[in-house]
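Below is one structure, written out as structure tokens, with a few remarks after it.
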Amino acid sequence: MKIAHVINTLSGGGAERVAIEVFKCLKDYGENEFIVGKNVIKLPIDFKPTVIMPFEKKPFYMPSFIYEKILIEKLEEKLKDFEVVISHLRDMNVRLCMLKSEGKLNSKLIVVEHVTVDYYSKKEINLIKKFYRYADVSVAVSEKVAQNLSDYGAKNIQIIENFVDVEDLERKALEEKVNLEGFSFLAAGRLSDDKGFDTLIKAFKIANIKDSKLFILGEGSKKRELMNLVEKLDLKGKVEFLGFKKNPFPYIKACDVFVTSSRREAFPMATLEAMALKKTVISTNVVPFAADGYNSLVVPVDNVEVLAKNMVKIYKDKNLRETLSENAYQTAKKYDRQRFCQNYRNLINSI
Numbered sequence: 018m019k020i021a022h023v024i025n026t027l028s029g030g031g032a033e034r035v036a037i038e039v040f041k042c043l044k045d046y047g048e049n050e051f052i053v054g055k056n057v058i059k060l061p062i063d064f065k066p067t068v069i070m071p072f073e074k075k076p077f078y079m080p081s082f083i084y085e086k087i088l089i090e091k092l093e094e095k096l097k098d099f100e101v102v103i104s105h106l107r108d109m110n111v112r113l114c115m116l117k118s119e120g121k122l123n124s125k126l127i128v129v130e131h132v133t134v135d136y137y138s139k140k141e142i143n144l145i146k147k148f149y150r151y152a153d154v155s156v157a158v159s160e161k162v163a164q165n166l167s168d169y170g171a172k173n174i175q176i177i178e179n180f181v182d183v184e185d186l187e188r189k190a191l192e193e194k195v196n197l198e199g200f201s202f203l204a205a206g207r208l209s210d211d212k213g214f215d216t217l218i219k220a221f222k223i224a225n226i227k228d229s230k231l232f233i234l235g236e237g238s239k240k241r242e243l244m245n246l247v248e249k250l251d252l253k254g255k256v257e258f259l260g261f262k263k264n265p266f267p268y269i270k271a272c273d274v275f276v277t278s279s280r281r282e283a284f285p286m287a288t289l290e291a292m293a294l295k296k297t298v299i300s301t302n303v304v305p306f307a308a309d310g311y312n313s314l315v316v317p318v319d320n321v322e323v324l325a326k327n328m329v330k331i332y333k334d335k336n337l338r339e340t341l342s343e344n345a346y347q348t349a350k351k352y353d354r355q356r357f358c359q360n361y362r363n364l365i366n367s368i
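Positions 18 to 368 (my numbering) are the ones given, in order, by the sequence shown.
As structure tokens, then:
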């Protein structure tokens, strides 16, 4: 069996990492090939993917519709001999569903949706509603995403939750020695509006914990805006942007508290990975596996005052930190790799 794994980039997000893991799960299950739309490969990988377009960004001289036409034509040619195609994320999913609708993709098509409807514009949702129904199977990473897919008109929807490899994370966390100053709060993710880092920075200011620092891992379009907010709130020296790290786990292991301040999430891998490293977690109420007072302190989205209050609470109560971290670890262990891989193997068998 020839299986193609297709995604637009490997820029470092959680969905990209999951796509790599699906590829690894099935690599001995047939002849597998990993295909990337644009030449953006930031994640550490031990295989060589096929790159369709040789650009990191669309060349300024090439109109967007020409770029899309060339990319789609190349995808059609590349995928013609595959029996199964597994696609990840909306942009690539729509392209391949469109080819399927036109009879230009004969493979069985599995689209994997990693995010909820909140992430997409009205135009993007319209494309999803128009084309996702042509996929043979639609995989959702959570129940909320599955409901969205149903609303889109997708068919044969299956839920396969992501996994965390606890032993592998522990090994990666020891690859580098990291020391974070003071009592350290750490957050990780793309510096975008979705992640709510502006709310986190404001809450950190209100919490006013004298011997604490806030560290933020990641890059993105909101970096300058967030840095300006830090200056405006007179937090220079208290908030540090660490940038993108190919291996973020030594930093997560080194922190005292991991914070997820997201405005929307489907199944945030960074939060689950922090739990796997026995971190105390504060998260917003969009994290599906976070249970308030059990494995996390859960706060409402965009509520600066409540987030600040819980940051102070977690700082003052060592026993609470220890209880939450142990329960977080037990939660992470339930999302094991073996179950995840078997679910995808069963899916391939079923089609």
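Just so you know, even glycine gets a beta-carbon here, dropped at the ideal spot from N, CA and C.
Label residue i either buried or exposed according to how many other C-beta atoms from any shown protein chain fall within 10 Å of its C-beta, with 16 as the threshold for buried.
{"i": "F82", "result": "exposed"}
{"i": "E242", "result": "exposed"}
{"i": "N225", "result": "exposed"}
{"i": "R356", "result": "exposed"}
{"i": "K212", "result": "buried"}
{"i": "R188", "result": "exposed"}
{"i": "M79", "result": "exposed"}
{"i": "K255", "result": "buried"}
{"i": "S167", "result": "exposed"}
{"i": "T277", "result": "buried"}
{"i": "E160", "result": "exposed"}
{"i": "G310", "result": "exposed"}
{"i": "P71", "result": "exposed"}
{"i": "E282", "result": "buried"}
{"i": "T67", "result": "exposed"}
Can the beta-carbon of residue i be found less than 8 Å from the beta-carbon of residue j?
{"i": "P317", "j": "N302", "result": "yes"}
{"i": "H131", "j": "A21", "result": "no"}
{"i": "I365", "j": "Y149", "result": "no"}
{"i": "V35", "j": "N179", "result": "yes"}
{"i": "E192", "j": "K230", "result": "no"}
{"i": "I368", "j": "V154", "result": "yes"}
{"i": "L92", "j": "L60", "result": "no"}
{"i": "L17", "j": "S238", "result": "Coverage of the chain is limited to positions 18 through 368, which leaves residue 17 absent and any answer about it impossible."}
{"i": "E257", "j": "F221", "result": "no"}
{"i": "R112", "j": "Y137", "result": "no"}
{"i": "A190", "j": "L341", "result": "no"}
{"i": "C358", "j": "C42", "result": "yes"}
{"i": "V53", "j": "I69", "result": "yes"}
{"i": "A345", "j": "V274", "result": "no"}
{"i": "F284", "j": "G29", "result": "no"}
What is the rounded straight-line gap between the Cα of residue i and the Cα of residue j?
{"i": "K270", "j": "F306", "result": "20 Å"}
{"i": "K147", "j": "E119", "result": "13 Å"}
{"i": "I58", "j": "K296", "result": "29 Å"}
{"i": "V158", "j": "D63", "result": "25 Å"}
{"i": "D215", "j": "L259", "result": "16 Å"}
{"i": "E90", "j": "K227", "result": "58 Å"}
{"i": "V128", "j": "S104", "result": "5 Å"}
{"i": "S201", "j": "E236", "result": "20 Å"}
{"i": "L252", "j": "I223", "result": "11 Å"}
{"i": "L122", "j": "Y169", "result": "21 Å"}
{"i": "L234", "j": "I87", "result": "35 Å"}
{"i": "L186", "j": "K350", "result": "12 Å"}
{"i": "D98", "j": "S124", "result": "8 Å"}
{"i": "E100", "j": "E48", "result": "10 Å"}
{"i": "K95", "j": "K330", "result": "55 Å"}
{"i": "L144", "j": "V323", "result": "38 Å"}
{"i": "K194", "j": "V183", "result": "19 Å"}
Among the options, whose alpha-carbon lies nearest the alpha-carbon of residue i?
{"i": "P76", "options": "E93, L191, V68 and K55", "result": "K55"}
{"i": "N363", "options": "I24, G30, V39 and N344", "result": "V39"}
{"i": "K19", "options": "K121, I87 and L126", "result": "L126"}
{"i": "K219", "options": "M109, N320 and I52", "result": "N320"}
{"i": "A204", "options": "L166, D182, D185 and S279", "result": "S279"}
{"i": "V162", "options": "T133, G206 and K44", "result": "T133"}
{"i": "Q347", "options": "V181, I69 and L113", "result": "V181"}
{"i": "I142", "options": "K121, N165, I87 and K44", "result": "N165"}
{"i": "D210", "options": "K240, L234, E184 and A190", "result": "K240"}
{"i": "Y361", "options": "L324, K44 and P285", "result": "K44"}
{"i": "E73", "options": "D135, T26 and E50", "result": "T26"}
{"i": "M109", "options": "Y332, V23, K139 and R354", "result": "V23"}
{"i": "G206", "options": "M286, C272 and K65", "result": "M286"}
Taking 8 Å as the CB-CB limit, is residue i close to chain B?
{"i": "I299", "result": "Absence of chain B from the displayed structure is noted, only one protein chain being present."}
Task: Three-pair Cβ contact test at 8 Å for the stretch 252–270 versus the stretch 288–297 - done: yes
TODO: Count the C-beta pairs between the stretch 247–263 and the stretch 162–181 that are closer than 8 Å, then say yes if the count reaches three, no if not.
DONE: no
Open item on the list: Between the stretch 330–341 and the stretch 308–317, can you find at least three pairs of beta-carbon atoms closer than 8 Å?
Closed with: yes
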